[in-house]
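Colleague: What follows is a structure written as structure tokens; I'll ask about it next.
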Amino acid sequence: MATEEYRCSRCGAPLEVSPETIMAICEYCGFPNIISGTLDLKRVYIVPSLRREDAVKAFHKLIERDFDLRRLKRDISIVDLEGYYIPVWLGEAKVSGEVEYYRYEERNIGGESTRVKARYKERIDRVIKVPIIGRRQIGGLGIDELVKKFVCEENVASRRLADVEEDEWMRMRLKILNTEIDETDAISRMREDAVDIVREQYLEKAEGIEYFSCTTKELRNVGLFLVPIWWVYYKYKGSIYQAVFSGWDMSCIARTEPLTFLRRLLLVGVATGVIVLMSILNGPLLQMAKEINVLGWLALCGFLLSVAYKASREALEDIRIEREVR
Numbered sequence: 003m004a005t006e007e008y009r010c011s012r013c014g015a016p017l018e019v020s021p022e023t024i025m026a027i028c029e030y031c032g033f034p035n036i037i038s039g040t041l042d043l044k045r046v047y048i049v050p051s052l053r054r055e056d057a058v059k060a061f062h063k064l065i066e067r068d069f070d071l072r073r074l075k076r077d078i079s080i081v082d083l084e085g086y087y088i089p090v091w092l093g094e095a096k097v098s099g100e101v102e103y104y105r106y107e108e109r110n111i112g113g114e115s116t117r118v119k120a121r122y123k124e125r126i127d128r129v130i131k132v133p134i135i136g137r138r139q140i141g142g143l144g145i146d147e148l149v150k151k152f153v154c155e156e157n158v159a160s161r162r163l164a165d166v167e168e169d170e171w172m173r174m175r176l177k178i179l180n181t182e183i184d185e186t187d188a189i190s191r192m193r194e195d196a197v198d199i200v201r202e203q204y205l206e207k208a209e210g211i212e213y214f215s216c217t218t219k220e221l222r223n224v225g226l227f228l229v230p231i232w233w234v235y236y237k238y239k240g241s242i243y244q245a246v247f248s249g250w251d252m253s254c255i256a257r258t259e260p261l262t263f264l265r266r267l268l269l270v271g272v273a274t275g276v277i278v279l280m281s282i283l284n285g286p287l288l289q290m291a292k293e294i295n296v297l298g299w300l301a302l303c304g305f306l307l308s309v310a311y312k313a314s315r316e317a318l319e320d321i322r323i324e325r326e327v328r
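Structure representation (structure tokens):
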């Protein structure tokens, strides 16, 4: 059975599509072509990427300002660069509801500091940005950081893709990941994710949620954005590492680095120091548990143990992962 061939509606060039493709961007002229599903080309935008040489410059600047990489720069060489446009649906969700949560606080009661369980009740009424990656499956270091940075930054320059002329496209052209989620599916996911985002915001500032009711009342300004990302692959002593940059400003958003001897020594020192500190403070910690409260003692011990565990685990790795966007 012959496979159906798709061609660009503007220049006639062949398009690469898969059964999941909703929209395909012509690699030659940059024009968006709807293959299936619901999509309005008036709401498809592109964030223009800087060029390949800008990614190289950004990587060399990263080496100069990074404490570990600067010491290794004589043995570092770039082996490859890849630039892509990632499809990201973005909308503004108006959410409403109610939440009851609690957290433990230190309060002065009768002249003494006492840890109490404080309860709070709040109305939820806000507008939040909700992103949905326009692919069924996508992997790679830095993707989550790219989306977070794009959502959080104000005034990231973008243009309607259908208005980009062929000569302009040639200046900003990168490889493109075709869109596999249409507008109807994206809106449905945004409604669910908006509630999850609000819940996570309260979980971050609370120690427990006793009641939570929230719904997405309205979605507005929904659009599909093609967001640029660059991966720079570099070699150090036979191993390959990568640095990831947001394509519109070449900020490093994530990277892998070799674990140097000094860094490993520092991590071992931290883990050992915490264990020694806990052994020295064992008596005072137990006394604190008796005189103040068990929860405070458990929290402090848990924190110290987590620091020791994390440091010792990282010391055993050969590669260190740095994420610039949290």
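Per our numbering, the very first residue in the sequence shown carries number 3; after that it's consecutive.
Note that beta-carbon positions come from the ideal geometry of N, C-alpha and C, so glycine has one too.
Taking the continuous beta strand (DSSP E) assigned at V49, which residues delimit it?
Modeller: In the sequence shown, residue 49 corresponds to position 47, counting from 1. For V49, there is no enclosing beta strand (DSSP E), as DSSP marks it with neither H nor E.
Colleague: Would F227 be called buried (16 or more neighbouring beta carbons within 10 Å of its own) or exposed?
Modeller: Walking along the sequence shown from the start, residue 227 turns up at place 225. Buried is the call here.
Colleague: Check the C-beta distance from G85 over to L176 and give it rounded, since I have them as a contact under 8 Å.
Modeller: Reading the sequence shown from its first residue, position 83 is the one you call residue 85. Reading the sequence shown from its first residue, position 174 is the one you call residue 176. The Cβ separation is near 4 Å, so the contact holds.
Colleague: For Y8, name the three-state secondary structure that DSSP assigns.
Modeller: Reading the sequence shown from its first residue, position 6 is the one you call residue 8. Coil, per DSSP.
Colleague: Can you give the Cα-Cα distance for K207 and Y103, rounded to whole angstroms?
Modeller: By one-based count along the sequence shown, residue 207 stands at place 205. By one-based count along the sequence shown, residue 103 stands at place 101. C-alpha separation (whole angstroms): 9 Å.
Colleague: Put M252 into one of helix, strand or coil per three-state DSSP.
Modeller: Mapped onto the sequence shown, residue 252 falls at position 250. Three-state DSSP puts M252 in coil, outside helix and strand.
Colleague: Going by C-alpha distance, which of T217, V19 and E212 is nearest A120?
Modeller: As a first step, residue 120 must be located in the sequence shown, where it is residue number 118. Of the candidates T217, V19 and E212, the one whose C-alpha sits nearest the C-alpha of A120 is E212.
Colleague: Hey, could you find the ends of the alpha helix (DSSP H) L71 is sitting in?
Modeller: In the sequence shown, counting from the first residue as 1, residue 71 sits at position 69. Start and end: F69 to L74.
Colleague: If you check the beta carbons only, do N223 and G93 fall under 9 Å apart?
Modeller: The sequence position of residue 223 within the sequence shown is 221, counting from 1. The sequence position of residue 93 within the sequence shown is 91, counting from 1. Yes, the pair counts as a contact, with Cβ atoms nearer than the cut-off.
Colleague: If we call anything under 9 Å between Cβ atoms a contact, is A60 one with S253?
Modeller: In the sequence shown, counting from the first residue as 1, residue 60 sits at position 58. In the sequence shown, counting from the first residue as 1, residue 253 sits at position 251. At a Cβ-Cβ threshold of 9 Å, A60 and S253 count as neighbours.
Colleague: Return the CA-CA distance between L52 and V153, expressed in angstroms with no decimal places.
Modeller: In the sequence shown, residue 52 corresponds to position 50, counting from 1. In the sequence shown, residue 153 corresponds to position 151, counting from 1. Their Cα atoms are separated by approximately 19 Å.
Colleague: Determine the DSSP secondary structure at R193, reduced to helix, strand or coil.
Modeller: Working through the sequence shown from its first residue, we reach residue 193 at position 191. If DSSP states are grouped into helix, strand and coil, R193 belongs with the helices.
Colleague: Going straight from the alpha carbon of R201 to that of S190, what length do you get?
Modeller: Within the sequence shown, numbered from 1, the residue matching residue 201 stands at position 199. Within the sequence shown, numbered from 1, the residue matching residue 190 stands at position 188. For R201 and S190, the distance between alpha carbons rounds to 18 Å.
Colleague: Considering only residues of the same chain and omitting the five flanking positions on each side of T217, which have a CB-CB separation below 8 Å?
Modeller: Working through the sequence shown from its first residue, we reach residue 217 at position 215. Around T217: V97, S98, G99 and V197.
Colleague: Is the beta carbon of E220 sitting closer than 9 Å to the one on Y243?
Modeller: Taking the sequence shown and counting its residues from 1, the one referred to as residue 220 is at position 218. Taking the sequence shown and counting its residues from 1, the one referred to as residue 243 is at position 241. For E220 and Y243, no; Cβs fall outside 9 Å.
Colleague: Check whether the segment 74 to 89 and the segment 230 to 249 touch, using three or more Cβ-Cβ pairs below 8 Å as the test.
Modeller: yes
Colleague: Who are the Cβ neighbours of V149 in its own chain at under 7 Å, not counting the five residues just before and after it?
Modeller: For the purposes of this step, residue 149 is taken as residue 147 along the sequence shown, with counting starting at 1. Correct list, in chain order: V90, P133 and I135.
Colleague: In the DSSP assignment, what are the bridge partners of C216?
Modeller: As a first step, residue 216 is located in the sequence shown; it is residue number 214 there, counting from the start. Answer by DSSP bridge pairing, in chain order: G99.
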